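This report concerns only the one structure given below.
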Amino acid sequence: ERWRRAEAEVERLASACRLLAEHLALLEEEAQDYRERADRLEKEREAEDREGTISSRVLATAETELDDVVKQTKLAEQDWSQLQEKSTSVSRHFKHAMELSEKEHT
Numbered sequence: 035e036r037w038r039r040a041e042a043e044v045e046r047l048a049s050a051c052r053l054l055a056e057h058l059a060l061l062e063e064e065a066q067d068y069r070e071r072a073d074r075l076e077k078e079r080e081a082e083d084r085e086g087t088i089s090s091r092v093l094a095t096a097e098t099e100l101d102d103v104v105k106q107t108k109l110a111e112q113d114w115s116q117l118q119e120k121s122t123s124v125s126r127h128f129k130h131a132m133e134l135s136e137k138e139h140t
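Its first residue numbered 35, the sequence shown is counted upward by one per residue in my numbering.
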């Protein structure tokens, strides 16, 4: 019973890690899109400066959105790290339990 629970926990954590990795990849793509958008907006702003107009609201919005995505990415990375630590811990416990079981049966 203990083995089944440990195996189920390992599988649950592995699944959560996979989902979090996919989420992190999406957030990183989104962050890259916002960086590119911010770069484009910066170039547009420079052109508007030469013409005497500035689109600061659009740039500020893009920067705010980029900051939000960066924060979400950092949180997802922290979650990923915590899940990896948990998975490693459960794996160690599972291996230890397997060793104990083998010793009991020999």
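Here a beta-carbon is modelled for each residue, glycine too, at the ideal position from N, C-alpha and C. None of the values given here were measured: they were computed from a predicted structure.
task: Out of His-127, Asp-113 and Glu-76, point me to the one whose CA is closest to Ala-50's CA.
output: Asp-113
Beta-carbon spacing of Gln-118, Leu-61 below 8 Å: Pairing Gln-118 with Leu-61 gives a Cβ-Cβ distance that is not under 8 Å.
task: Under 8 Å by Cβ, that's how I've got Val-44 and Ser-125 pegged, so tell me the actual separation to the nearest angstrom.
output: 6 Å
- prompt: Would you call Leu-47 buried or exposed, if buried means 16 or more other Cβ atoms sit within 10 Å of its Cβ?
  reply: buried
field: Of the listed residues Arg-69, Met-132, Leu-100 and Glu-136, nearest to Arg-39 (C-alpha basis)
entry: Met-132
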